[in-house]
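Here the protein sequences line up with chains A and B, keeping their order. Position one of the first sequence corresponds to residue 54 (the numbering used here), numbered consecutively onward. Position one of the second sequence corresponds to residue 859 (the numbering used here), numbered consecutively onward. One structure below.
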Amino acid sequence: MNKDSALLAYVTRLGDNALVLGQRMIELVAAYPELEEELANANFALDYLGQARMFYTCAGELEGKGRSEDDFAFLRDEHEFRNLLLLEQPNGHFGDSITKLVLFELFYFAQLQALAGCEDPRVAEIAARAEKEIRYHLRHNTQWLVRLGDGTEESHGRVQESVNALWRYTGEMFEADETDTIMERAWGGPNLEQLRERWLADIDAILINATLDKPESGWMASGGKAGRHTEHLGYIIAEMQYLQRSHAGASW
Amino acid sequence: MSEKEWPLYEVFIRSKSGLSHRHAGSIHAADDQMALDAARDTYTRRSEGVSIWVVRSSKIVASDPAETAAFFEPAEDKIYRHPTFYEMPDGVDNL
Numbered sequence: 054m055n056k057d058s059a060l061l062a063y064v065t066r067l068g069d070n071a072l073v074l075g076q077r078m079i080e081l082v083a084a085y086p087e088l089e090e091e092l093a094n095a096n097f098a099l100d101y102l103g104q105a106r107m108f109y110t111c112a113g114e115l116e117g118k119g120r121s122e123d124d125f126a127f128l129r130d131e132h133e134f135r136n137l138l139l140l141e142q143p144n145g146h147f148g149d150s151i152t153k154l155v156l157f158e159l160f161y162f163a164q165l166q167a168l169a170g171c172e173d174p175r176v177a178e179i180a181a182r183a184e185k186e187i188r189y190h191l192r193h194n195t196q197w198l199v200r201l202g203d204g205t206e207e208s209h210g211r212v213q214e215s216v217n218a219l220w221r222y223t224g225e226m227f228e229a230d231e232t233d234t235i236m237e238r239a240w241g242g243p244n245l246e247q248l249r250e251r252w253l254a255d256i257d258a259i260l261i262n263a264t265l266d267k268p269e270s271g272w273m274a275s276g277g278k279a280g281r282h283t284e285h286l287g288y289i290i291a292e293m294q295y296l297q298r299s300h301a302g303a304s305w
Numbered sequence: 859m860s861e862k863e864w865p866l867y868e869v870f871i872r873s874k875s876g877l878s879h880r881h882a883g884s885i886h887a888a889d890d891q892m893a894l895d896a897a898r899d900t901y902t903r904r905s906e907g908v909s910i911w912v913v914r915s916s917k918i919v920a921s922d923p924a925e926t927a928a929f930f931e932p933a934e935d936k937i938y939r940h941p942t943f944y945e946m947p948d949g950v951d952n953l
């Protein structure tokens, strides 16, 4: 893997993370218990779709083979998606969704901040734009995690279970593979060890605020970044790609 | 599930600097921070604002519709309160 192919792989991965999470959140549209949160979720999902489009367009340009954002989103198979396993996990209940977002966005926000100063101007520009969106998401979702954790006995118990269940998918975010290492050394991308330390400090503070216990660090699931997914991704992709697969080239 | 509704908040948006906040609508929220977020997500999705105020609807003191006559009708026949009886001196163009 050389400098350019690492950048392409990295940017595609950013697009995959944003698309798979956004698609998951869209499943909840018209299913929220409160109108105001319904709008917030749809807004956030659209932010992710917008980011996926920018990253995929950028990837197409880096690749130089004329692939468009749609080719990346709709014409790749499951094993070609390199999103984090955390993001393809089912929505579960409201506490599960909020927990998943806080765990990921704390990492993603720091990742984007680092990328905003990286040496590829296109990636830096997209990261700077996305950073503002995620800054707001984090504010909103962190408040909810604290509200649920420090809320009623029932909400506390349920969201503690969410944290316990999703914790095993957080290790993958900080596992540096060849793509991450080249991105850091050749392009000034984030150092995942530094991100991990910052993330641990941040999540500690939030969990304390939310009166939640931090799970014991144990076995961590990984593989998403290498294209080895849990059973959930296939269903997401089947639904998402159905139209383009059965009516190739269909557009508005 | 509890059937209780969250309290109602009124939302005021300032569309750009220098203008005043105007009532945009209302939202339900369990606390002040949630109200601010909900107002942002509900009423500023299309770049409508640069500043948001939210206030609990129950904190607003409103005039009583039954007292409309006593409140507002006495002003109707006092046309001298409108500045329409002054002769403008020649040469004053910009008033």
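All C-beta atoms in this analysis are idealised placements derived from N, C-alpha and C, irrespective of residue type, glycine included. Please read all numbers here as calculations on a predicted model, not as lab measurements.
Taking only the alpha-carbon atoms, compute the straight-line gap between residue i and residue j and give it to the nearest angstrom.
{"i": "A/L265", "j": "A/H209", "result": "8 Å"}
{"i": "B/P865", "j": "A/R182", "result": "34 Å"}
{"i": "A/E52", "j": "B/I871", "result": "No information on residue 52 of chain A is available, as it lies outside the stretch 54 to 305 that chain A covers here."}
{"i": "A/G204", "j": "B/I937", "result": "58 Å"}
{"i": "A/V64", "j": "A/G113", "result": "10 Å"}
{"i": "A/E178", "j": "A/F160", "result": "19 Å"}
{"i": "A/S121", "j": "B/G907", "result": "34 Å"}
{"i": "A/W305", "j": "A/A95", "result": "21 Å"}
{"i": "A/L168", "j": "B/A920", "result": "51 Å"}
{"i": "A/E133", "j": "A/D124", "result": "12 Å"}
{"i": "A/K185", "j": "A/R192", "result": "11 Å"}
{"i": "B/P932", "j": "B/T902", "result": "39 Å"}
{"i": "A/S58", "j": "A/T110", "result": "16 Å"}
{"i": "A/A211", "j": "A/H190", "result": "The displayed chain sequence assigns Arg, not Ala, to residue 211 of chain A. Their Cα atoms are separated by approximately 22 Å."}
{"i": "B/M892", "j": "B/S909", "result": "16 Å"}
{"i": "A/E131", "j": "A/E172", "result": "30 Å"}
{"i": "A/G242", "j": "B/H881", "result": "45 Å"}
{"i": "A/G75", "j": "A/E292", "result": "13 Å"}
{"i": "A/I289", "j": "A/V73", "result": "8 Å"}
{"i": "A/W240", "j": "A/L165", "result": "14 Å"}
{"i": "A/D127", "j": "A/M226", "result": "Checking the displayed sequence, the identity of residue 127 of chain A turns out to be Phe instead of Asp. Cα to Cα, the separation comes out at about 24 Å."}
{"i": "A/G319", "j": "A/A93", "result": "Residue 319 of chain A lies beyond the residue range present for chain A, which begins at 54 and ends at 305; the question has no answer from this structure."}
{"i": "B/A897", "j": "A/R221", "result": "35 Å"}
{"i": "A/G68", "j": "A/G287", "result": "17 Å"}
{"i": "B/P941", "j": "B/F930", "result": "19 Å"}
{"i": "A/E91", "j": "A/A83", "result": "7 Å"}
{"i": "A/T283", "j": "A/V216", "result": "19 Å"}
{"i": "A/A279", "j": "A/L245", "result": "17 Å"}
{"i": "A/L198", "j": "A/R281", "result": "30 Å"}
{"i": "B/E868", "j": "B/W911", "result": "8 Å"}
Taking the beta strand (DSSP E) that residue i falls in, what are its first and last residues?
{"i": "B/R872", "result": "866-872"}
{"i": "B/I964", "result": "Chain B is shown from 859 up to 953; residue 964 of chain B falls before or after that span and cannot be answered."}
{"i": "B/A888", "result": "No beta strand (DSSP E) contains B/A888, which DSSP labels as neither H nor E."}
Is it buried or exposed, residue i, if we count other Cβ atoms within 10 angstroms and call 16 or more buried?
{"i": "A/N70", "result": "buried"}
{"i": "A/G119", "result": "exposed"}
{"i": "B/K862", "result": "exposed"}
{"i": "A/W272", "result": "exposed"}
{"i": "A/D149", "result": "buried"}
{"i": "A/K153", "result": "buried"}
{"i": "A/F108", "result": "buried"}
{"i": "B/V950", "result": "exposed"}
{"i": "A/Q247", "result": "exposed"}
{"i": "B/N952", "result": "exposed"}
{"i": "A/L138", "result": "buried"}
Along the alpha helix (DSSP H) that carries residue i, what are the first and last residues, could you check?
{"i": "A/A181", "result": "174-202"}
{"i": "A/I151", "result": "147-168"}
{"i": "B/T926", "result": "926-930"}
{"i": "A/R221", "result": "A/R221 -> no alpha helix (DSSP H), and no H or E assigned at all."}
{"i": "A/A126", "result": "122-127"}
{"i": "A/E141", "result": "138-141"}
Exercise. Going along the chain, which unbroken runs of the alpha helix (DSSP H) with 4 or more residues stay wholly within the stretch 231-284 of chain A?
Worked result: 231-240, 245-262
For this session: Counting only runs of 4+ residues fully inside the stretch 77-119 of chain A, write out the alpha helix (DSSP H) ranges in chain order.
Result: 88-116
For this session: Can you give me, in chain order, the residues of the stretch 92-108 of chain A that have a beta carbon less than 8 Å from any beta carbon in chain B?
Result: L92, A93, N96
Exercise. If contact means a Cβ-Cβ distance below 9 Å, which residues of the stretch 188-208 of chain A contact chain B?
Worked result: Y189, R192, H193, Q196, W197, R200
Exercise. Quick one, which residues of the stretch 881-903 of chain B are near chain A if we go by CB-CB under 9 Å, in chain order?
Worked result: I885, H886, A887, A888, D889, Q891, M892, A893, D895, A896, A897, R898, D899, T900, R903
Exercise. What residues in the stretch 72-89 of chain A bring their beta carbon closer than 9 Å to a beta carbon of chain B?
Worked result: P86, E87, L88, E89
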